[in-house]
Structures are given as C-alpha cells and as structure tokens.
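The listed protein sequences correspond, in order, to chains A and B.
Counting from 6, one number per residue, gives the positions in the first sequence under the numbering used here.
Counting from 845, one number per residue, gives the positions in the second sequence under the numbering used here.
From the three backbone atoms N, C-alpha and C, an ideal C-beta is built for every residue, glycine too.
Before any comments, here is the structure.
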Amino acid sequence: MDAGAIPNPAGDSLRRLGESNEPPGLYIHIPFCLSKCPYCDFYSSTDLTAIPDFLAALRREMSLNEGFKSGFDTVYIGGGTPSLLSQTLLDRLIGDILTAFTIASDAEITVEVNPGDTTAGRLTALRRAGVNRLSIGCQSFDDGALAFLGRRHRADQAVEAIHRTRDAGFENLGIDLIYGLPGPYGDAFATWLDTLRTALAFRPEHLSCYQLTVETGTPLADRVRKGEIALPDPGFQSRYFHRTAAILEEAGYRHYEVSNFAQGDRFRSRHNSKYWNHTPYLGLGPAAHSFDGRRRRWNHRSIAAYLKELAAGKPPTAESELLSDEALRLESLFLGLRTRRGIDLAGFKRRYGEDLLVEKEEILKKLKEDKFVEIRNGFLMPTRAGMAVADSLALI
Amino acid sequence: MDNIRNFSIIAHIDHGKSTLADRLIQFTGVVNDRDFQDQILDNMDIERERGITIKSQAISLPYKAKDGCSYALNLIDTPGHVDFTYEVSRSLASCEGVLLLIDAAQGVQAQTLANLYLAMEHDLAIIPVINKIDLPSADVERVIEQIDSELGLDSDTHLKCSAKEGTGIEEILEAIVARIPPPKGDQKAPLAALIFDAKYDAFRGTVIYCRIFDGQVKAGDIIRLMYNNATYRVEEVGRFILRREKRESLSAGEVGYIIAGVKTVSDVRTGDTITMDNRPCANPLPGFKEVKPVVFASIYPIASDDYEDLAVSLEKYKLNDASFVYEKDSSAALGQGFRCGFLGLLHLDIVQERLEREYDLSIILSVPSVRYRFTLRDGTVIYVDNPTHYPEPMSITKSEEPYIRATMMLPERYLGAVMKLCMEKRGVNSTLNYPNPGRAELTYEMPLAEVIFDFYDRFKSVTQGYGSFDYDLIDYRESPLALLDILVNGERVDALSQIVHRERARARGLQACERLKDEIPRQMFKIAIQGAIGGEIISRTTISAFRKDVIAKCYGGDISRKRKLLEKQKKGKKRMKMIGNVSIPQSAFLAVLKSDTE
Chain A
6 MDAGAIPNPA GDSLRRLGES NEPPGLYIHI PFCLSKCPYC DFYSSTDLTA IPDFLAALRR
66 EMSLNEGFKS GFDTVYIGGG TPSLLSQTLL DRLIGDILTA FTIASDAEIT VEVNPGDTTA
126 GRLTALRRAG VNRLSIGCQS FDDGALAFLG RRHRADQAVE AIHRTRDAGF ENLGIDLIYG
186 LPGPYGDAFA TWLDTLRTAL AFRPEHLSCY QLTVETGTPL ADRVRKGEIA LPDPGFQSRY
246 FHRTAAILEE AGYRHYEVSN FAQGDRFRSR HNSKYWNHTP YLGLGPAAHS FDGRRRRWNH
306 RSIAAYLKEL AAGKPPTAES ELLSDEALRL ESLFLGLRTR RGIDLAGFKR RYGEDLLVEK
366 EEILKKLKED KFVEIRNGFL MPTRAGMAVA DSLALI
Chain B
845 MDNIRNFSII AHIDHGKSTL ADRLIQFTGV VNDRDFQDQI LDNMDIERER GITIKSQAIS
905 LPYKAKDGCS YALNLIDTPG HVDFTYEVSR SLASCEGVLL LIDAAQGVQA QTLANLYLAM
965 EHDLAIIPVI NKIDLPSADV ERVIEQIDSE LGLDSDTHLK CSAKEGTGIE EILEAIVARI
1025 PPPKGDQKAP LAALIFDAKY DAFRGTVIYC RIFDGQVKAG DIIRLMYNNA TYRVEEVGRF
1085 ILRREKRESL SAGEVGYIIA GVKTVSDVRT GDTITMDNRP CANPLPGFKE VKPVVFASIY
1145 PIASDDYEDL AVSLEKYKLN DASFVYEKDS SAALGQGFRC GFLGLLHLDI VQERLEREYD
1205 LSIILSVPSV RYRFTLRDGT VIYVDNPTHY PEPMSITKSE EPYIRATMML PERYLGAVMK
1265 LCMEKRGVNS TLNYPNPGRA ELTYEMPLAE VIFDFYDRFK SVTQGYGSFD YDLIDYRESP
1325 LALLDILVNG ERVDALSQIV HRERARARGL QACERLKDEI PRQMFKIAIQ GAIGGEIISR
1385 TTISAFRKDV IAKCYGGDIS RKRKLLEKQK KGKKRMKMIG NVSIPQSAFL AVLKSDTE
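Below, the structure written as structure tokens:
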C-alpha cells in the first residue's frame, strides 16, 4: 500500500498536537437501513443489494489505512443499521477489522443493534467475534412514540431484545432513548417517564437519552416547517433534560455527557469519549469522519461515490479541513463542556496559551455563583444546568 | 450667458430622479452607452441602496438644441431628506428652474410638495414631468389633475417620460432650454459665488462647488470666503462633466468648481459667498445659515483595541462631511470614544453605516440627545448634549430645552391625526392655514427632542406619505427635565442614559425597558433592566435566561458542523458590547428611543 497517499491519522507526530494521549478509536459506518426514520440524518440507504459491494470496498478502505501501527483501543460499528447484516457477514466484518488493524486486547468493541434484529444467532456470533458492548436503539417503550419515530419494532420486541442480549452474555449494554416528542406536554412527559422506568428496570450499564432534534432535510423537519407538529418549547425541553438527569442520577447513573449516563466510569462509552476530548479517530465507510489531532476529513456521503473512489484505489475522502489553533480551541471548549469531566485547565493553558481562570475570571465567577460551573481539581466542570447551556458556555 | 441653463431635478423618493439624471447624461452624449454606470450622480453605495441622495453634485451637460444653438445645461443634484433641507435650499438657490418629477403611478407625494414649496420660495421656473409612464399602474390623467389641483400648477405645461425606457428625454431637454430662463448676472461686477457643496479629494484638497452670480474667477486669483474672511489662492477652476474639466475661468451665470488649497471641507460653509480679496462684493449672497448639529451621540468601538482605528477613520470621514463634528469622550460602561454632532438621525445613521462599511469598524452609538441649557445656582449657564454631563440636580435653578417651529403641509383629511401626534409630542401654539383648497398648512412649536426621535417616521405614517415636514430652531424654553438612567443587572450603562421631560420620565423609562427587552437576546443569566431617576427605580423588566441551548448529540461527524455554527455565533457576539456579563447588541442603543407604534 502507499502509506503516503493517506495521512496517518494516528501518526505520533500528529497525535501530540491533540490533547489526549489515548490510543485512537476506530469507527465503521454501515450505511444501510430497512427503512428510514423520519428524524434521522445519518447517512444510510435502503437499497440492500449494495451490501456485498460495500463490504468489499470497506475492506479496501481498511487496507488503505493499515498504517495504523499504534492500534486502536475502541471499535464502534454504527450506522445505519449494522445489525441488519447477516450473522455470517457480521462475523466476517469483525474478522476483517481484527486482521487489518491492531486492536488492543482490552478494547471496547461496540455494535449498534436494532431490537428487531437481535436473533439469538446474531448475538452469539457477535459475542464470539469479540464484541463486548451493544448499543440497542430502543428509542422508546411506548408503541405510539415508536410509530411516530418510524421505528420498525414494537415496545415488547425491545423488551425481548434486551433479555436476549443478557442471555447471550453481554455485560455492557447501552440503551438509546429519545425524549421531547410532539404532543401535549403532560402526556408526552408521562410517556417518557414510563419509558425511562422501563429502561431502568433492566439496569443497563449505559443509557443515552437524546432530545429529539429537528435536522434539516429530514421528513420531520418538513412536518415541523409545515406546522403539522411542534416540538416542546424551550422551557419544557429544559424540564425534560433536568428531570431525566435527576431521575437517572438518583438511580445511580453518572451524567457524564449531555445525553449520556453510565453506571460508573467503567461503563462510559470509551469510544464516544474520544470525540469529546480530541483523541484521534479513524472513520471508515460513507460519510464517516476521521480526525488526526489537526486535520479532520470525511468520506463521500454516497455509497456510489464511495464505491467508485475505492474501486479506483483512491481514498473516498470528500473533504478535509486543517484546524487552526483557534478552531481547535473552540472545539476543545464546546466538546469539553459537554462532559462532566470538563476542561483540564492546565492542559488547556499548555495547549492554547490561555489561562481561562485569569482571562475569564469575571464571567467564571458569575458562572460559579449561578451554579453553571464548578472548578475542582484543576478542571472547569459544567454542572447539570451548565451542560444544558454548554454551547453558550463555550462562547464565554 | 444666454446659452446656460442651471436646473435641478426635485422629486419624492423613488420617483426616478437618479434614473432621469442618468438619461439626460446619456442623451447629451457625455458618456457613451458602454461605459455607462447606472445612476452616476449617486456615487456612494449607501446612497444607491437607500435610494436617497445625501450629497449633491453638479454636472454640466453640453446640448445642441433644435434651435441650432449649443447650450450648457448645468444639472445640480440635491439631497433628498429633511436632515439636509438647508443643503437643498442652497442647491436650489443656484438654479433658475427645476424639473418637478412625479411618479405616474404614485402621483403627488409628500416630498413632491415639500420640494415644490422650496422651489417656489426661490422663484424658480417649474416644469412638471410625469415619469414612469411605462408602468402598467401608471395613471397619467390622475397625475395631471393633481398637478392642477394639488400643486396649483398649470397642468398644460407638463411633460411625460419614462426615464427607465429613455422616452421623452429630448422633450425634457428642449423644455429646459425653452422654459428655464438663462441666468442673469454682471460679469464686470465684483465676484459673488454661492457655495452649494464641497467634496474632499485626496490629491487636491477640498473641491468647492459653486454658482457664480456676478464677476469672474480664474486660477491665480485670491478669493475670500465671506463667512470667516479666510483667503485662498485659486489653483484651478472648471466644470464637472463626469470628471472635473479644467477651464480658464468661471463667469457670472456658470456653475463649476474651484480648487484653492482648502484643507478640509470643514473650512468651507455651504451657503457662504466667495468673493475677490482685492475687490469684494458689497454684501454676501442672501440665505446663509451656519448649519449646526442638533443631535449628539457618542461613538465607541465595540472592541476597545479599535479605538485608534476609529480615531483615524473619523478624521478621514470628517474630511468630506462638514456638518459632522466630534470630540473625545469616554464612558464608564463603554470606554474611550467620541462625542459627535449630527444634523439629524438620518445623518447619524449614514455616519454609522459609512464607518462600518467603508472603514470596517464595529461601533456602538450611545442614545442620541439634543443640546439642553441649564442655569445653575451660581448663575452660570451651561449647555449639555451628553447625559453623562447632566448637572447635579440640586444645583440646577433652571432647565431649558430647544424648541422648533414645525411647518407641515398636508391634505386636510390627515389633519386630525397629525394634530394628535403633535400634541402627543408636546406641541403648542398651532396655526392653521389653507394655502389651497383641501391642503392644510399646519405649524406647531415643539421640543426638538420630541421631533428628532421618532416624529418624522410617525408623521409620514399618519399622513401616508402625503405630508411634508420642515422645521426651524426657534428658541430655548424652560422645561422640567430629568436624567433617566438605565441599569442592566444593577449596573448603570451611561451610554443608555437620556435626558427626558420629567412628566414623561416614567413612560419613557418603561418604553426604554421594553425596547431593550426586545433587542437584547436571551442569555445564560436572567437580565434585569431598570429605568431610574436619581436613585429611584421607575421601571423594570427582566429577560429570562434560556435554560437549554446544547444539541443532544455530538459525535465524529457533528463536530466540524457544530464548530462552524458556534464560530458564526461567536462572530455575532463580537458585534455586541459586553457590559458586565451581558452582551448588548448595537441596535439596542438606538432602539430605546423608538416608540411602541413602530
């Protein structure tokens, strides 16, 4: 392979520019779904006939990036819907990854699964292949909500799916949920609390609770624009956020990122955390992003373009940007302030030459008084209220 | 002299003045069609965008008429806003006639009338021209009727054209020759030239635009400006035909320019008379007024690092705007800046926009004020145009504010609404006349402060554009005044303070709070806005904090996109002034003066 053709995202010289000394993470995007959910703007196609070609191309993209000698300590297979791949294909995909790259023995290997796809066979195959974490896209345990979200499964299937994953031996389980659906606030909120209670009954190691967001170009955005539906106003959204966090913290979860909760630090999503602390990552598959500490590049958001480039032996990069210190600084702030860990003040000063405690003394004092942030052990940490306004905090 | 015609085009805004000027220029062949840049006379971006002419210019059009003779048709452009009425009057004083341009679809409008009256005051020949006859909505018959009934002109004398399509242009040029009298004047008499405009040229200094009434001027002459008796040696005279064209001399009846080593335009006064130092004319030409700023506001850079840039930019700007004055100022809330004087709020807007656009500065303007007069306990009289310098209330024995006489012409049907508005604005001593049937001439004496801030816009709105308005400063009158302070989160923002009529203080305080509530975006903190007089809080409002602004998800693919959004927000925030922890947008400072009705 031609190592010069593709920048080595984990090259040591580059990695020093980032803030983290962790090994990089590997993301694989499986761009296929049986049907498109109206709120989702992740890239995927419902033309499943392209799967074999895609997997072949993905192998080529892996081989173009074999220069990652330092290896990865997290692998995340997302989508799309990776779980719609057959048992055999999943097995083979994971085998390919392990062959192409050095994966740490204690790596966190996550696969996103849809409740409808959790056959015992698939789960066993994943487990056997070395997958040790599942992220289940339950979204809700209410059939009405699931129908609105365009999901293919029913609530009872989600419940069964969770049982099956436990039966298959998965000990690190994440459940994804969505709140803030349209409708009378009282009813919608009651439904959400039920969903949250149902999820908690399974004691998942990890919970992601996302506020339904209107992404441009989605059918949901269309309906909102036409005035057919309206999402809760900001006051209600804030209440969802605060109540959810309070309930989950009460139940023993740690609110470690705006939308993410874990039973202790051990079960934080190690892979996703890399995004928030500027650790380099390599993303493979259409629309996947990679970051080497300085440069971020992303692949074509089209299976056809992706296949075409790789068929010609070229990297399927659509665009890339070299981040200035100023851009990295801003990212550092807004990403760091999404997490409870916050910003390592000494590290920030070393990297960007700015002592936030001095330069932002006055506003930080006010933010502390108003309980948006805490300063503890050399970290600037957002409180729960602070996380809710993390974007504004980043612009202080 | 018989072959010279000096004229202006006067029109309501948007009735096509600049387009017609362009057509006349094109028709007379001063510029070929290929090089033609639309609307040559409005050569500043802002003018073009706002469709108003701010500064006038003059252009000399060579025209061979059907009578076989060649003429110099001097088109003197006029500014088109009430802030610049005096400049208009000086331009008109340099003419013998006007084209009164009326939009065939809109008919007679407020400025049509205001300009007509100005032209009549100067005894000018008036040629009504109906423009835009190509519009589907054109109603030429109605306009002809209006010329007769509303303007009191002989409707038989009208011309029709479409400046856009270039029809009727020759007829207009012929009418200028036939119906506007040639200038009179004595070439042998001592020089008397009226200054109607001045522009700054980076290489030559000030270029004075003038109309020669008597005598002659040429390079080498020592001229004297009669207002301040300053003398200058003439370097060059000439006419303006798209570019300056040098000539031997300018003589009685002609319009042209003089370059005489005058450093800045502030050294010359529009309306002043130029004469010869060694052979002066007996009296200056009539009508000179020293234009004084009536509205004052402070300008601060948003980033204090930009102070030096602002200083340099103001100096440059001032070179070309004699009516703009400024001096150093500082604010507890906004830091170092400049106190500036303007002819009116439009003038202020223009200055702000030009500083931002041409000099790339982000600036904040404090709340504008008029100039008040206070008599203090020790007998001294002081003038205060900056609320920051409001005297200690206990030391004031008498407080006075400037009054104007407003003269309004309007169709009778709007009389009730206008009188109500004038009364609301503390108008007194009204007079009412009917110069012609159906049209009322209404005068009121009103405090300047009331008129400046939102009177003009509201007047236009209640008369649906059919009223014309002009004012003269008359005197200072005793008035109970108070200093209204605005506190943002308990901190006094001096740039938001205003001097108000005591009886209106409460209402103004409330209004200011409400306006600020609309203008200041929600932030992380609750923002308390209070109006206070002395120590007493008279009004308050709060802007509640937003509680959630973060997006739910942010993974690999979202980061660049999200950062770009934040970069944009950050840029927007840079255009706001941080006061304490509150970001206040520029617009807030002017908005406090706006009333609810807008």
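For A/H34, count neighbouring C-beta atoms within 10 Å of its own C-beta (all shown protein chains included) and say buried if the count is 16 or more, exposed if not.
buried
Counting only Cβ pairs nearer than 8 Å, list the residues of chain B close to A/Y280.
C1398, Y1399, G1400, I1403
Please identify the residue among A/R301, A/T223, A/H247, A/N282 whose C-alpha is closest to the C-alpha of A/T388.
A/H247
Determine which residues of the segment 249-266 of chain A have a Cβ less than 7 Å from any Cβ of chain B, and write them out in chain order.
V263, S264
Name the chain A residues that come within less than 7 Å of B/V1337, Cβ to Cβ?
By Cβ distance, chain A contributes nothing, its closest Cβ being about 16 Å from B/V1337, past 7 Å.
Interface residues of chain B facing A/T223 [CB-CB closer than 9 Å]:
What A/T223 touches in chain B: nothing, since even the nearest Cβ is about 14 Å away.
Excluding the 5 residues flanking A/H158 on each side, which residues of the same chain have their C-beta closer than 6 Å to its C-beta?
P120, G121
Touching by the beta-carbon criterion (3+ pairs, under 8 Å), the segment 928-947 of chain B and the segment 858-869 of chain B:
yes
For A/L22, does the three-state DSSP call read helix, strand or coil?
Residue placement at A/L22 is flagged as unreliable, the pLDDT there being 43, under the threshold of 50; the coordinate-derived value follows with that caveat. The answer is coil: DSSP assigns A/L22 none of H, G, I, E or B.
Which of helix, strand or coil DSSP assigns to B/R1055:
strand
Just the C-alpha distance for B/I884 and B/L905, rounded to the nearest angstrom, thanks.
Bear in mind that the predicted position of B/I884 carries a pLDDT of just 49, short of 50, making it unreliable; the figure below should be weighed with that in mind. Using only the alpha carbons, I get a separation of about 13 Å.
Can you tell me whether B/N1425 is buried or exposed? The criterion is at least 16 other CB atoms within 10 Å of its CB, across all chains shown.
buried
Name the two residues that bound the continuous alpha helix (DSSP H) containing A/E419.
Outside the displayed span of chain A (6 to 401) sits residue 419 of chain A, for which this structure offers no information.
Write down the C-beta distance between B/E1200 and B/I1207 rounded to the nearest angstrom, noting that I regard them as a contact closer than 8 Å.
7 Å
Excluding five sequence neighbours on each side, which residues of the same chain lie with their C-beta closer than 6 Å to the C-beta of B/A1250?
Y1288, M1290, Y1315
Is there at least one Cβ from chain A nearer than 8 Å to B/I884's Cβ?
Note that B/I884 scores a pLDDT of 49, beneath 50, so its modelled location is shaky; the value from the coordinates is reported in the next line. Chain A contact via Cβ: absent.
Local conformation of B/C1357 per DSSP, three classes
helix
With three or more beta-carbon pairs closer than 8 Å as the criterion, would you say the segment 269-277 of chain A touches the segment 292-300 of chain A?
no
Identify whether A/M392 lies in helix, strand or coil by the three-state DSSP scheme.
helix
With a cut-off of 8 Å, does the C-beta of B/I896 fall near any C-beta of chain A?
Its pLDDT being 41, under 50, B/I896 is placed unreliably by the model, and nothing is read from it.
In chain B, which residues lie with their C-beta within 8 Å of the C-beta of A/T218?
I1395, A1396, K1397
Please tell me whether A/D238 has its Cβ less than 8 Å away from any Cβ of chain B.
no
Express the C-alpha separation of B/S1142 and B/S1157 in angstroms, rounding to a whole number.
15 Å
Own chain, CB closer than 7 Å to B/L1069, minus 5 neighbours either side, in chain order
V1112, D1116, I1118
Please go through the same chain and pick out, in chain order, the residues whose beta-carbon is closer than 7 Å to the beta-carbon of B/S935, but skip the five residues on each side of it.
S852, S900, I920, T922, F1040
Report all residues from its chain with a CB closer than 7 Å to the CB of B/S1110; omit the five preceding and five following residues, and keep chain order.
K1162, A1166
Tell me the residue span of the beta strand (DSSP E) that contains B/E1322.
1312-1322
What in chain A is Cβ-close to B/K1449, meaning under 7 Å?
Chain B is shown only over 845 to 1442; residue 1449 of chain B falls outside these bounds and no answer can be derived.
With a cut-off of 8 Å, does the C-beta of B/E1420 fall near any C-beta of chain A?
Residue identity differs from the one stated: residue 1420 of chain B is Met in this sequence, not Glu. No - not a single Cβ of chain A is within 8 Å of the one on B/M1420.
Of the residues B/I1330, B/I1377, B/L1178, B/P980, the one placed nearest B/K1421, counting alpha carbons only
B/L1178
Does the distance from the C-beta atom of A/S75 to that of A/A105 stay below 8 Å?
no
Which class does A/G407 belong to by DSSP, given the choice of helix, strand or coil?
The structure shown has nothing for residue 407 of chain A, since chain A only spans 6 to 401.
State the DSSP-derived secondary structure class of B/K1004, mapped to helix, strand or coil.
strand
Would you say B/F1168 reaches chain A, if we count a Cβ-Cβ gap shorter than 8 Å as a contact?
no
Skipping 5 residues on each side, what residues in its chain have a beta carbon closer than 7 Å to that of B/G895?
Interpretation of B/G895 is limited by its pLDDT of 42, a score under 50 that renders its predicted location unreliable; no figure is taken from the coordinates.
Is it true that the CB of B/A1396 sits closer than 8 Å to the CB of A/T223?
no
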